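4 protein chains.
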Amino acid sequence: MDYQNILESIYKQILPFAKEGKPADYIPALAAVNPDRFGMCINTIDGGEFAIEQSDVRFSIQSISKVFALAMALSLKGEEVWKRVGREPSGTAFNSLVQLEIEHGLPRNPFINAGAMVILDMLLTSLDNPEEEFLNFVRKLSASDTISYNTVVSRSERETGYLNAAIANMLKYHKNLDCEVERVLQFYFMICSIEMSCKELARAFLAFANHKNHFEYAGVSLTSSQVKRMNAVMQTCGFYDEAGEFSYLVGLPGKSGVGGGIAAIYPSRYSVAVWSPRLNSKGNSVMGIKALELLTTETEESIF
Amino acid sequence: MDYQNILESIYKQILPFAKEGKPADYIPALAAVNPDRFGMCINTIDGGEFAIEQSDVRFSIQSISKVFALAMALSLKGEEVWKRVGREPSGTAFNSLVQLEIEHGLPRNPFINAGAMVILDMLLTSLDNPEEEFLNFVRKLSASDTISYNTVVSRSERETGYLNAAIANMLKYHKNLDCEVERVLQFYFMICSIEMSCKELARAFLAFANHKNHFEYAGVSLTSSQVKRMNAVMQTCGFYDEAGEFSYLVGLPGKSGVGGGIAAIYPSRYSVAVWSPRLNSKGNSVMGIKALELLTTETEESIF
Amino acid sequence: MDYQNILESIYKQILPFAKEGKPADYIPALAAVNPDRFGMCINTIDGGEFAIEQSDVRFSIQSISKVFALAMALSLKGEEVWKRVGREPSGTAFNSLVQLEIEHGLPRNPFINAGAMVILDMLLTSLDNPEEEFLNFVRKLSASDTISYNTVVSRSERETGYLNAAIANMLKYHKNLDCEVERVLQFYFMICSIEMSCKELARAFLAFANHKNHFEYAGVSLTSSQVKRMNAVMQTCGFYDEAGEFSYLVGLPGKSGVGGGIAAIYPSRYSVAVWSPRLNSKGNSVMGIKALELLTTETEESIF
Amino acid sequence: MDYQNILESIYKQILPFAKEGKPADYIPALAAVNPDRFGMCINTIDGGEFAIEQSDVRFSIQSISKVFALAMALSLKGEEVWKRVGREPSGTAFNSLVQLEIEHGLPRNPFINAGAMVILDMLLTSLDNPEEEFLNFVRKLSASDTISYNTVVSRSERETGYLNAAIANMLKYHKNLDCEVERVLQFYFMICSIEMSCKELARAFLAFANHKNHFEYAGVSLTSSQVKRMNAVMQTCGFYDEAGEFSYLVGLPGKSGVGGGIAAIYPSRYSVAVWSPRLNSKGNSVMGIKALELLTTETEESIF
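Going down the list, the protein sequences come from chains U, A, C and Z. Numbered per this note's numbering, the first sequence finishes at 1616, counting up by one with no gaps. Numbered per this note's numbering, the second sequence finishes at 1616, counting up by one with no gaps. Numbered per this note's numbering, the third sequence finishes at 1616, counting up by one with no gaps. Numbered per this note's numbering, the fourth sequence finishes at 1616, counting up by one with no gaps.
Pasting the structure below:
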C-alpha cells in the first residue's frame, strides 16, 4: 500500500474543510495554538513511517493520554481495574454527573473524565512517583526522550476546571477515589497536558496495533489479549458521544483529544495519528475525522 | 482452522454454565421453550459449514431480525435512514423512554426498540406488502424457503407489549412515525417472531461477513461500504447495555435476541450463530456469550 | 370585603396583559375558542357571589377536573389512594415519562397526567357507570344540571393523544393500571372535556373552601380533614412545574387547566374561578394568574 | 387555645415512636448527640411561650439556617434574588446534581443545598463581614446573644463534604457563583453549624408568623409581602422531597434540618420549633413530624 501517496491525496481532499469547526479555547494556552496547523502520520507494523505536513509539531494530546493511563493500570491491576470502572459506552449526551449520580459513582468507562480519574487514582496508590513513571512510560512507548508535561497548561486547566472538580468530588463522595480529590485532579490535568507530535503519537500507538509483539515499555507489560481488549474499549468508548459515528465512518479503534489530535489503530497493520485543532460540536477534530474516514475508504482497510 | 473441533471443544468448556441464567418468560410461547437446548453453527466465506448440537432446531430470533430490517431500510433509503435514527450506543441503563424524551423522539440507534420501530415505519411506507417482502428477504438470505413468522408469539407479545406501546406512542408524539402506532407495533412484533435455526442464521449473516461479494437478495441490495457500516453499528450497538462488554470479551460485531440467540460476524472470514435460552441480567444468552468468547480466544481471531 | 369592586379594579389592571400568551391549539375545538374571553367569579362561604365579564360562558375545564376525580377516589378508597400515587410536587421540567420510568410507574401526584390516570383507574374499578357518576358528582357540586362532557373534544384529544397513550402504557407496564389502557384513556379524555363557566367552577370549589361544612355530594363524602388535605395537595401540586411560583405570587391552593381556567380557594373564606384562554409557557393562563395575584394583594388575604 | 396542655398531650402520643428512625451520623459531632433528646416550643404572636422537655438545649440547626440566609438576601437584593435561583420544589428523588446539570446551574429553590450556596454567594459579595453579620441577625431575631457557630461541626463537615463540594463546583462551572468555591463552602458549612434551642428557634420564626409587624432585625428588613412569600417558599420547598407529604400531614410552612430540628409557622398565630434527632429516610425528624401533625390536628388549626 502506498501510504505516502494516500496521505497526500487525503490532504488535498480535506482542504475544503480547513476552516470548519472551532478550536478549544477554554484556557489561554489552547486558544493560542495556530488553528491552521495540520499533521498526519502512519506507522506500519513492518516499520514504515509516512508523514505529511506538520507531523513534527507537538500539541496538547489531552484525553488521548487516557489510553496510556489505562495501559498502566491494566499492567498493574489486571482485570481488577473493572471493579471500579465500567467498559460500556457512555451513551447519552447528558453525560458525566447525571450518569455518575444514577450509577452511584461507577464511571461508565475509563475514557470519560470520571473513569480516567478512577484509573489515575489506582496509579497514584500503586506508584512511587506517578508523574515521573507515567511520563517515562510515554517516552519509552514513543521512543522520544524529550516529551514533557506542559505545566502552564495543567495549572491553567486546574484553575478553571470546575466541572472536573465536581466530578472528582462526586467520585470521592461515592468512595471511588482513595486519594485526595486535589491530588487526583492535579495528576489528571498533568497527564492531559503532555505534548506530542503526530509522529510520536503514531509511534506510541503502534504498540497497540501490534498485539503479536510483546508489549513491554518502562515496566508496563500487557498480554496480547490485554492489548486486543484495549482496542475493543477504544472502539466502543474512544470518542465520547460520537463513538458510534466514528465506528461507522472510520471503522478503527482510536482516541481523540480536545487539542485536536486523534490516534487510531488498524490491528496488525498500522497506527495513525492526525492533528487539526478545529473541533466539531462533539469535541472531535473536524479534519482529523474526515482524514481518517478517507484513509479507510481509500485503502479499503477497516476492521469490518 | 479446524472449526468443527473448536466448536466441540467450546461446547465441553461451557457445559458447567448450562444452568446459569433464566430464559425469557414474559409470554407463554417463550416460557414453553426447553431451556436446555443449545446450538452453534459457523459458516465460512469459502463455503464451509460447521455445526454442533441442535443447530437445526428453530427458535424465536427476536431482536436479531432488526439487522435484517436495517439492511432493507438502507437498501431503500441509503444514508437518509440516519435522519430519523442515530447510530450511537444507547449507553446508560436507564434507557429507552428517558433517552427518547430528552432527545425529542430521535432513537439512539436502529437496534434499540425505538430505533427498530422507526426503521420499520420506513419499510411500511415504502413497501407494498411489508410482511411478505420482509419474510421473503430473510428466506433468500438464509436460502431457506420454510422460515416463517410465528403469529402466536407476535399476537401474544402485542397483547402484553405495554412498554413497546409506550415507546411507539412517544415516537408518534415526536412525529417520528408516519404510520399509525398500531400498524408499526404489529409489524414490529411480527418480525421479532420469526423462527430460524442456528444453521439458517449463520447462513443469513454470512452475507454481512462477505462484503467483497455483492449483497443482493430478493431485491435488497447493499454496497460493500454499506455492509461494512452495518457491521460497525452491530459492533457498537448490537448488545444493548452490554455492547462494550461483548466487544471486550468477544471482539466481533453481532446481534443478540431475547430468545437466546446471538449471530456474529468475523468480517472476511465467517459468520456464527449460537443459541441457548438462558439469559443473563442484561438479556443476553449466558452460554452464547461464553461460547463466542471462547471462539475468538481459541482461534485467536478477533477484529482487534 | 367589597369583592365586586375589587374584581372590577383587578380587571382594569390586567387589561394590558390581554394579548400576552398563546391559547392551546393542539386540537381544533380548543383552537376555535375566542382567545379574548375573560371571566372571574368569587363565591364566599357566607353565600355571596361576585362575578365580572363572561362568567357565565362555559369553557373546557381540562385538568381542573382532576380535583373532582381525586375527591371521588378519596371518598371511595380513603388513604389507600396513596399506595398507588404520591403527593409530592413533580418538580423538574423533564417530567412525566422520565419520572415514571425512574420511579417504576408510581406517579408523583394525582394532578400530573399519570397520577390522574391511576385515580381514574380506581374509579373505573369501583363504579358501575363511571362517566355518569362522575358527571353527576360535578353537577351536584356546582348545583348545575346542564354541565356536560364535550365528546367532540374528548374524541379529538384521544386521536392525537400520543403522549398520554405513552404514559398510560407505561403505567400498565408497571402494573399500576387494573383496567385496559384504552378504557382509562377514554375516561381520562372524557373528564377533561367537561365544560363549565366561572360561576359553576367557583360554586363547585366552594365545597373545598368550606371544610367545616360536611362535604357530601351525589354520594361523594369527605371528612373535614380530607378536604383540608386536598387543599394541601392543590397547594404543592396544582400548577405542574409552576406550583412554587403560584404559591409565591398568589398564596392559595388551586388547580389550572390548559383551557385557560384556574380555580382556587381561600380556606374558610371563598373560592374563586378565573378564565382567560391565553397561556404562558408553563401552560397556565396569563391573565388568570395575574388576576389571582392581584386578588390576594388587594384583599391582603392569603394563607400565609 | 391551651397550647401547654396540647403540647403535653402530644408528647404522650408520640412516645411510642421515640426509637424510630436513625440520627445523622455522617460527622462525629452529630453522631455524638444523645438521640433521645426531645424539645418542643410554641410562641404565639400575642406573646405566649409554651414549651416542654429539653426546649432549652441547643442543637445543630443545619438547613434551618437557610431560611435566615434567604431573609438576608431578600432584604439586600429584593426580587433580583430569583434571577439566580428558582422557587419551585425540587421534586424527584434523583435530585441535586442531575437537576443542576440539566437546568444549567440554576438551582430549583433556595432551600436545596445548591440554592443555599447561591444565596450565600450573594451575601458574600454584599456584606463586609458575612459570618459576623449573619450571626448577629440570628441573635437579634431570637433575642439571644449567646447563639454561636460550632466550628468543630463546620470544619468536620467541610472535610467530608464531597457532595457539597461537587455541587459548588457545578455552580461555579455554570457561572452561578461569583466568589471562590472554597469561600462559599466555608460560609455554607458555617451557617449550618449554628446551634439553637427550640425556644430560640420558635422565637426567631415568630417574626415570619407575624407579617403584620414590621420585620426589622439587625438591619435586615422585609416587607409584609416578602415575609408572606418566604412562607410560601417554605410551604412548597421546606422539606426537600417530602414537601408534599409535610404539607399534606401538617399543613404549615416550615423548614427542617438534618440535626433533627423543625421550625414551622402558623401565619398570624404562632411559630413552633420541635427537636428530636432520629430521622426518617428522607432526612426529617420522625417525632418532629409526628408532633406537628398532631398539633394541627388537635388545634384544628392549619392554613387549609
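Don't be surprised by glycine CBs; every beta carbon is placed ideally from N, CA and C. It should be emphasised that the depicted structure is a prediction, and the values quoted were computed from it without experimental measurement.
Below-8 Å beta-carbon distance, residue i vs any chain Z residue
i       : result
L1432/U : no
G1429/U : With the sequence shown as reference, residue 1429/U is identified as Met, and Gly is not the correct amino acid for it. Judged by the 8 Å Cβ criterion, M1429/U is not in contact with chain Z.
A1603/C : no
E1413/U : yes
I1574/C : no
P1401/C : yes
Boundaries (first-last residue) of the alpha helix (DSSP H) holding residue i
i       : result
A1455/U : Looking at the DSSP string, A1455/U is not in any alpha helix (DSSP H), and its letter there is neither H nor E.
C1491/Z : Unbroken run through C1491/Z: none, as it is neither H nor E.
E1469/Z : T1463 to T1472
S1321/U : Y1315 to I1326
E1618/U : This structure does not reach residue 1618/U, given that chain U is present from 1313 up to 1616, and the question cannot be answered.
A1343/U : P1340 to A1343
Cβ of residue i within 8 Å of any chain C Cβ
i       : result
F1406/Z : With a pLDDT of 41 at F1406/Z, under the threshold of 50, the predicted position of this residue should be treated as unreliable, though the coordinate-derived value follows. Output row for F1406/Z: interface = yes.
E1492/A : no
F1527/Z : no
R1470/Z : no
K1484/A : yes
V1410/A : yes
S1257/Z : Nothing in the structure corresponds to residue 1257/Z, since chain Z is present only between 1313 and 1616.
N1543/Z : yes
First and last residue of the uninterrupted beta strand (DSSP E) at residue i
i       : result
E1528/U : F1527 to Y1529
N1355/U : G1351 to T1356
Residue i at chain U interface by Cβ criterion, 8 Å
i       : result
A1277/Z : With chain Z covering 1313 to 1616 only, the question about residue 1277/Z has no answer from this structure.
S1559/A : yes
Q1547/A : yes
D1540/Z : Sequence inspection shows Lys at residue 1540/Z; the Asp mentioned does not correspond to that position. Cβ-Cβ to chain U under 8 Å: no for K1540/Z.
P1579/A : yes
Bridge partners - residue i, DSSP secondary structure assignment
i       : result
M1508/A : F1371/A
F1362/Z : I1354/Z
K1334/C : L1591/C
Short CB-CB distance (under 8 Å) between residue i and chain A
i       : result
V1393/U : no
E1512/U : no
G1563/U : yes
L1453/C : no
L1622/C : Examination of residue 1622/C is not possible in this model, given that chain C is present from 1313 through 1616 alone.
Exercise for review: Enumerate, from N- to C-terminal direction, the unbroken beta strand (DSSP E) stretches of 3 or more residues contained entirely within the segment 1383-1449 of chain Z.
Suggested key: none
Practice item. Output the residue ranges of the alpha helix (DSSP H) runs that lie fully inside the segment 1510-1596 of chain C and measure 4 residues or longer, sorted by chain position. Key: 1510-1521, 1536-1549 and 1555-1561
**Study point:** At least three beta-carbon pairs within less than 8 Å, the segment 1414-1424 of chain Z to the segment 1454-1466 of chain Z
**Key:** no
Review point. Are the segment 1488-1499 of chain A and the segment 1509-1524 of chain A touching by the rule of at least three beta carbon pairs closer than 8 Å?
Key: no
Review point. So, do the segment 1532-1550 of chain C and the segment 1393-1402 of chain C have three or more beta carbon pairs nearer to each other than 8 Å?
Key: yes
Check your understanding: Are the segment 1559-1569 of chain Z and the segment 1600-1614 of chain Z in contact at 8 Å, needing three or more beta carbon pairs?
Key -> yes
Review point. How do the segment 1580-1596 of chain C and the segment 1346-1360 of chain C stand: do at least 3 beta-carbon pairs fall below 8 Å, yes or no?
Key: yes
**Study point:** At least 3 beta-carbon pairs within less than 8 Å: the segment 1355-1366 of chain A vs the segment 1571-1585 of chain A
**Key:** yes
Check your understanding: Would you call the segment 1475-1489 of chain Z and the segment 1338-1348 of chain Z in contact, with 3 or more CB pairs under 8 Å?
Key -> no
Review point. Any contact of the segment 1515-1522 of chain C with the segment 1364-1372 of chain Z, i.e. 3+ C-beta pairs under 8 Å?
Key: no
Practice item. Could you say if the segment 1381-1390 of chain U and the segment 1563-1574 of chain U meet the contact criterion of at least three C-beta pairs nearer than 8 Å? Key: no
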